[in-house]
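Notes to accompany the following structure.
2 protein chains.
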Amino acid sequence: MTLAESVRASGRRLTLQRQLVLEAVQRARHHVTADEIARRVRSRFPAIGPSTVYRNLQALDELGLVTHTHLDDRVTRWHRADRHPHGHLVCRVCGEETEIRPAVLEAMAKRLRDEHHFEPDLAHSAIVGVCRRCRDVPSS
Amino acid sequence: MTLAESVRASGRRLTLQRQLVLEAVQRARHHVTADEIARRVRSRFPAIGPSTVYRNLQALDELGLVTHTHLDDRVTRWHRADRHPHGHLVCRVCGEETEIRPAVLEAMAKRLRDEHHFEPDLAHSAIVGVCRRCRDVPSS
DNA sequence: GAGCCTATCGCGAATGGTCGCAATAGCCTT
DNA sequence: AAGGCTATTGCGACCATTCGCGATAGGCTC
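Line by line, the protein sequences give chains Z and Y. Residue numbers for the first sequence follow this note's numbering, beginning at 27 and rising by one. Residue numbers for the second sequence follow this note's numbering, beginning at 27 and rising by one.
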């Protein structure tokens, strides 16, 4: 199924803006914010508004083409959905961000599935806490 | 150490606004938003501004008197810090919120401590996923 | 109790993100 | 190729939250 087909199959339309937003996310090496995407899209299509970018990110998310992650600030980070999944540890003291292997998430997910019949998406939000360095140096 | 003493010990001052914000959080039965706190405080102190409420919540958080949690919406929920800790499961389909026992969090936390030397605060953000009901009825 | 230092206040602007609306434009049908 | 239905757009207002500023007021010292 082509991109156009899968977009239309969901009752949506394939607009130029939607294609440009998707391309911008796919081309980005790491996680990008909506504002960064908007700036990149505007370089080729200057009239695009911020709300169009947000709405398209949400639509592409529902289509399974992109996903987003919440680190500990208020900004949402977007990335393509076909990358290997991974979790994030964020230190609330120094702000350090570490990626963790999916195997660790999977082990934690199993317990929630077994005990709560809940299918968690542990990559959706970063796990906030205190990293090794900041824990070893209490500094208080 | 009294409240006044512990506030002053951190180089802070005990203002009327700060006391009212703390009382409002302590009196709330469940998690409350900053806006709900602001409305309650304004009933006795109408001139208080929103930013004062936010700043005081942050100060009280740093003092260890209140804490906050992020569910899957855009608003922060506040509650007193001396309650038993618990985690949250939030269904991204139907929005259902479930509390989970600290023991489950503790088991997950152990792995992050052991493998990453990271002390996680798993109650800080809700775990987003799909609940039993929405998983059993794919509806797609 | 008065004076001083500065934490805190209220205000207004800014930020990241969402929403309602009228105008535009995909895409299906003919 | 034209017409019509409606998803989507750009816009502006709004929401939750933060920040910079000059004014106010805790609380320490004398």
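Glycine included, every Cβ here is placed at the ideal spot set by N, Cα and C.
Around the Cβ of residue i, are there at least 16 other Cβ atoms within 10 angstroms (buried) or fewer (exposed)?
| i | result |
| --- | --- |
| Z:Leu86 | buried |
| Z:Ser166 | Reliability of the predicted coordinates at Z:Ser166 is poor, the pLDDT of 44 falling under 50, and the value obtained from them is presented with this limitation in mind. Exposed, since its Cβ has fewer than 16 Cβ neighbours within 10 Å. |
| Z:Leu29 | exposed |
| Y:Ala60 | buried |
| Y:Leu148 | buried |
| Y:Ser36 | exposed |
| Z:Leu91 | buried |
Please confirm if residue i has its CB atom under 9 angstroms from at least one CB of chain Z.
| i | result |
| --- | --- |
| Y:Met134 | yes |
| Y:Ser77 | no |
| Y:Arg34 | no |
| Y:Arg118 | yes |
Name the chain Z residues that come within less than 9 angstroms of residue i, Cβ to Cβ?
| i | result |
| --- | --- |
| Y:Pro142 | Reading off the sequence shown, one finds His at residue 142 of chain Y, where the question assumed Pro. Neighbours of Y:His142 on chain Z, chain order: Leu115, Thr124, Ile126, Val130, Cys157, Arg158. |
| Y:Pro161 | In the sequence as displayed, the identity of residue 161 of chain Y is Arg instead of Pro. In chain order: His143, Phe144, Glu145. |
Using beta carbons (cut-off 9 angstroms, strictly below), is residue i in contact with chain Y?
| i | result |
| --- | --- |
| Z:Leu89 | no |
| Z:Leu86 | no |
| Z:His105 | no |
| Z:Arg55 | no |
| Z:His112 | no |
| Z:His96 | yes |
Residue j and residue i - do their beta-carbons sit closer together than 9 angstroms?
| i | j | result |
| --- | --- | --- |
| Y:Arg38 | Y:Leu89 | yes |
| Y:Val33 | Y:Ala50 | no |
| Z:Cys117 | Y:Phe144 | yes |
| Y:Ala152 | Y:His94 | no |
What does residue i reach in chain Z if we use C-beta pairs closer than 7 angstroms?
| i | result |
| --- | --- |
| Y:Asp147 | Val154, Gly155 |
Run through chain Y and tell me which residues come within less than 7 angstroms of residue i, C-beta to C-beta.
| i | result |
| --- | --- |
| Z:Ser151 | Ser151, Val154 |
In chain Y, what lies closer than 9 angstroms to residue i by C-beta?
| i | result |
| --- | --- |
| Z:Leu138 | Leu115, Ile126, Val130, Met134, Ile153, Gly155 |
Item checked: Ranges of the alpha helix (DSSP H) found wholly within the stretch 35-75 of chain Y, counting only runs of at least 4 -> For the stretch 35-75 of chain Y, whole alpha helix (DSSP H) runs of length 4 or above, ordered along the chain, are 42-53, 60-68.
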